[in-house]
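A.B. asks: Residue numbers (the working numbering), protein chains in the order written: chain Y, 3 to 132; chain H, 9 to 121.
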């Protein structure tokens with residue numbers, strides 16, 4: 003049942019993205035096209051999940067991190083560039099959040115242990131039950 | 009005295025033998041040139057990938073796990089087709105002995121893991 007729901011979610015998002023492209027390029031997508039794109043996306047996600055798992059295990063980790071994602075996108079130059087840029091943005095925003103937390107914690111005097119980094123990119127790839 | 013250094017490559021006879029063996033039909037002579045070019049590209053790609061995988065595991069030396077990962081990504085090694093099966097199918101006995109551990113008498117495992 004979860005699989006159906008996941009597929010539906012992917013389909014909906016694919017529809018939204020296709021709509022954006024349609025408005026941008028002034029073309030129309032048939033329903034079958036959107037369904038096909040969402041199907042392809044879903045099966046590609048399975049491949050990605052398995053590969054990421056392999057890469058993480060290869061580095062003797064059980065948690066997938068940005069390095070694994072970069073290794074996944076290594077084959078295509080433009081994609082790698084894009085993903086590296088995105089991961090740098092994420093890292094810098096994480097640092098800013100940390101600094102903010104530090105300032106807050108210093109204000110509260112009772113310093114709690116800093117929370118583990120949550121990476122939104124990884125969140126959905128780990129929930130895939132195959 | 010400009011001695012052109014030849015790029016290292018597999019001996020063309022070996023390439024011809026292997027290719028003809030798997031093709032199971034006669035192959036035109038000029039097609040082997042293309043096969044050799046493809047091999048060249050293949051090895052370049054292979055070394056890049058192995059470097060990336062070894063670097064990913066924070067090593068500077070390529071080891072067997074990198075190669076297995078590569079073959080997994082190439083789709084040669086899957087859950088249904090383990091690496092050992094491929095080794096047994098395609099490599100001669102002397103190499104199989106080096107790669108697949110075999111229990112011998114006197115509580116020995118060769119090669120040592």
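Glycine residues also receive a C-beta, built at the ideal position from the N, C-alpha and C atoms.
1. If you measure from the beta carbon of residue 53(Y) to each beta carbon in chain H, is any gap under 9 Å?
2. If you drop the 5 nearest sequence neighbours on each side, which residues of the same chain put their C-beta closer than 8 Å to that of residue 72(Y)?
3. Less than 9 Å between the beta carbons of residue 49(H) and residue 62(H), yes or no?
4. Is it buried or exposed for residue 40(Y), if we count other Cβ within 10 angstroms and need 16 for buried?
5. Can you grab the Cα-Cα spacing for the pair residue 63(Y) / residue 77(H), in whole Å?
6. For residue 81(H), would you say it is in contact with chain Y, using Cβ-to-Cβ distances shorter than 9 Å as the test?
7. So, does the CB of residue 3(Y) fall closer than 9 Å to a CB anywhere in chain H?
8. Report yes or no: is there a C-beta of chain H within less than 9 Å of the C-beta of residue 69(Y)?
9. Identify, in the order they occur along the chain, each residue of the same chain with its Cβ nearer than 7 Å to the Cβ of residue 16(Y), setting aside the five sequence neighbours on each side.
10. Leaving out five residues before and five after residue 152(H) in sequence, what residues of the same chain have Cβ atoms less than 8 Å from its Cβ?
11. Expressed to the nearest angstrom, what Euclidean distance is found between the alpha-carbon atoms of residue 22(H) and residue 58(Y)?
12. Which two residues bound the contiguous alpha helix (DSSP H) that contains residue 112(H)?
13. Taking Cβ-Cβ distances shorter than 8 Å, what residues in chain H pair up with residue 61(Y)?
14. Please report how far the alpha carbon of residue 67(H) lies from the alpha carbon of residue 56(H), in whole angstroms.
15. Using a Cβ cut-off of 9 Å (strictly closer), state whether residue 17(H) contacts chain Y.
16. Along chain H, in chain order, which residues have C-beta atoms closer than 7 Å to that of residue 73(Y)?
17. Compute the beta-carbon to beta-carbon distance between residue 50(Y) and residue 19(Y), rounded to the nearest angstrom, for a pair I have assumed lies under 8 Å.
18. Where DSSP assigns a beta bridge to residue 116(H), which residues make up the other side?
C.D. replies: In this structure, then:
1. Translated into positions along the first chain, residue 53(Y) becomes position 51. Output row for residue 53(Y): interface = yes.
2. By 1-based counting over the first chain, the position of residue 72(Y) is 70. Excluding positions up to five away in sequence, the list reads 82, 85, 86, 89.
3. As a working mapping, residue 49(H) is identified with position 41 in the second chain. As a working mapping, residue 62(H) is identified with position 54 in the second chain. Not in contact: residue 49(H) and residue 62(H) (Cβ atoms no closer than 9 Å).
4. Taking the first residue of the first chain as position 1, residue 40(Y) is located at position 38. That one is buried.
5. For the purposes of this step, residue 63(Y) is identified with residue 61 of the first chain, where counting begins at 1. For the purposes of this step, residue 77(H) is identified with residue 69 of the second chain, where counting begins at 1. Their Cα atoms are separated by approximately 15 Å.
6. Taking the second chain and counting its residues from 1, the one referred to as residue 81(H) is at position 73. Interface with chain Y (9 Å Cβ-Cβ cutoff): residue 81(H) is included.
7. Start at 1 with the first residue of the first chain, and residue 3(Y) comes out as number 1. Not closer than 9 Å to any Cβ of chain H, the Cβ of residue 3(Y) fails to qualify, so no.
8. As a first step, residue 69(Y) is located in the first chain; it is residue number 67 there, counting from the start. It does: the Cβ of residue 69(Y) has a partner Cβ on chain H nearer than 9 Å.
9. Locating residue 16(Y) in the first chain gives position 14, where the first residue counts as 1. Excluding the 5 residues flanking it on each side, residue 16(Y) has same chain C-beta neighbours closer than 7 Å at 36, 39, 40, 43, in chain order.
10. Past the edges of chain H, shown from 9 to 121, lies residue 152(H), and the structure says nothing about it.
11. Looking up residue 22(H) in the second chain gives position 14. Looking up residue 58(Y) in the first chain gives position 56. So the alpha carbons of these two residues sit roughly 37 Å apart.
12. On the second chain, position 104 is the one that residue 112(H) refers to. DSSP places residue 112(H) outside any alpha helix (DSSP H); the residue lies instead in the beta strand (DSSP E), whose first and last residues are 110-112.
13. As a position in the first chain, residue 61(Y) is number 59, starting the count at 1. Near residue 61(Y) (Cβ distances below 8 Å), the residues of chain H are 64, 65, 66.
14. Locating residue 67(H) in the second chain gives position 59, counting from the first residue. Locating residue 56(H) in the second chain gives position 48, counting from the first residue. Looking at the two C-alpha atoms, the distance is approximately 14 Å.
15. Position 9 of the second chain, counted from the start, is the residue given in the question as residue 17(H). Not one chain Y Cβ lies under 9 Å of residue 17(H).
16. By one-based count along the first chain, residue 73(Y) stands at place 71. The contacting residues are 60, 64.
17. Numbered from its first residue, the first chain carries residue 50(Y) at position 48. Numbered from its first residue, the first chain carries residue 19(Y) at position 17. With a contact defined as Cβ atoms closer than 8 Å, residue 50(Y) and residue 19(Y) miss out at about 17 Å.
18. Here residue 116(H) refers to the residue found at position 108 of the second chain. According to the DSSP secondary-structure assignment, residue 116(H) is paired through a beta bridge with 112(H).
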